[in-house]
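>
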Amino acid sequence: MRISELAETTGVPLHTLKYYLREGLLMPGEATSRTRAEYGAEHVERVRLVRALVEHGGVGIAGAHAIVAALTAPPPSRHELLGVAHCALPTPGDQGPVSDEVATLVADLGWPVWPEAPALRALSAAVSAARAAGVELSLDSLRRYASAMAEVATVDLDVALAAESPAAAMHTVVVGTVMVDPVLVALRRLAQESVSARRS
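Oh and the sequence shown: position 10 is 10 in full-length UniProt numbering, straight run, nothing missing.
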């Protein structure tokens with residue numbers, strides 16, 4: 001298909017596709033003449049991935065580059081691919097260092113996480129902000145939340161690992177994480193209502 005057909009197939013405007021090409025986010029088509037190239041199914045998949053990352057996942061161009069590079073030359077394991085995805089996800093601004101409490105919590109849980117994982121700083125900042133707002137967050141509460149999140153993560157990874165390609169897995173991890181977060185919030189509120197009703 002020509003680039004105009006790629007635009008029609010993916011629903012992405014032609015100027016955006018040309019931007020993706022210039023930025024190296026979309027691989028060039030197969031040249032059929034000096035001014036014409038053909039695009040195939042792999043281009044459709046790449047365009048959909050990049051669009052989902054940038055428009056729905058909130059991933060910046062640098063993060064999208066990192067993901068595309070990892071897909072082009074995949075790391076040795078899907079676990080490392082997951083690390084690329086997590087580092088590309090948007091995180092709040094200046095979060096400060098990882099707190100001793102969070103480092104201890106993760107160590108006590110036995111979670112083998114990268115010491116520089118952005119989520120460690122995000123968790124430290126979130127716990128600090130909650131406490132500053134007067135929310136009681138004991139270490140026991142954090143452990144119980146962590147236990148529940150381990151179950152959620154198991155579902156996430158089961159879905160991602162069932163994906164038919166590394167690109168589909170990356171889409172599931174990055175876009176799925178962003179898009180499913182509101183689902184988890186809504187389910188939490190419904191569960192709170194249910195537990196409260198049962199205790200009444």
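C-beta: ideal position from N, C-alpha, C; glycine also. All values reported here derive from a predicted model rather than from experimental measurement.
Using the three-state DSSP reduction, which class does residue 164 fall into: helix, strand or coil?
Coil.
> Give the straight-line distance between the Cα atoms of residue 145 and residue 40, rounded to the nearest whole angstrom.
Taking the straight line from one Cα to the other gives about 45 angstroms.
> Would you identify the three-state DSSP class for residue 31, choosing helix, strand or coil?
Three-state DSSP puts residue 31 in a strand.
> Are the CB atoms of residue 26 and residue 15 nearer to each other than 8 angstroms?
Not in contact: residue 26 and residue 15 (Cβ atoms no closer than 8 angstroms).
> Tell me the DSSP secondary structure of residue 73 in three-state form.
Three-state DSSP puts residue 73 in coil, outside helix and strand.
> Could you please give the first and the last residue of the uninterrupted alpha helix (DSSP H) stretch that includes residue 38?
Premise fails: residue 38 lies in the beta strand (DSSP E), 36 to 38, not in any alpha helix (DSSP H).
> Return the chain-ordered list of same chain residues with a C-beta closer than 8 angstroms to the C-beta of residue 66, the five sequence neighbours on each side being excluded.
So the qualifying residues of the chain are 84, 87 and 88.
> Whole angstroms is fine: what's the gap from residue 76's alpha carbon to residue 180's?
Taking the straight line joining both Cα atoms gives about 27 angstroms.
> With a cut-off of 8 angstroms, do at least 3 Cβ pairs link the stretch 55 to 74 to the stretch 143 to 160?
In short, these stretches do not touch, since the Cβ pair count stays below three.
> Using 8 angstroms as the threshold, is the C-beta distance between residue 169 and residue 48 below it?
No, the Cβ-Cβ distance between residue 169 and residue 48 is not below 8 angstroms.
> Report buried or exposed for residue 10, applying the criterion of at least 16 other Cβ atoms within 10 angstroms of its Cβ.
Per the 10 Å Cβ criterion, buried.
> Taking just the CA atoms, how far does residue 2 sit from residue 159?
Between residue 159 and residue 2, the C-alpha separation is close to 33 angstroms.
> By the three-class DSSP mapping on this structure, what secondary structure does residue 45 have?
Three-state DSSP puts residue 45 in a helix.
> Rounded to whole angstroms, what is the Cα-Cα separation between residue 193 and residue 155?
Looking at the two C-alpha atoms, the distance is approximately 23 angstroms.
> What span of residues does the alpha helix (DSSP H) with residue 112 cover, start to end?
Here residue 112 belongs to no alpha helix (DSSP H), and DSSP marks it neither H nor E.
> Which runs of the alpha helix (DSSP H) at least 4 residues long sit entirely within the stretch 127 to 177? Give them in chain order.
Listed in chain order, they are 139 to 161.
> Rounded to a whole number of angstroms, what is the C-alpha to C-alpha distance between residue 127 and residue 38?
Roughly 51 angstroms between the two C-alpha positions.
> How is residue 78 classed by DSSP in three states: helix, strand or coil?
The answer is helix: DSSP assigns residue 78 an H, G or I state.
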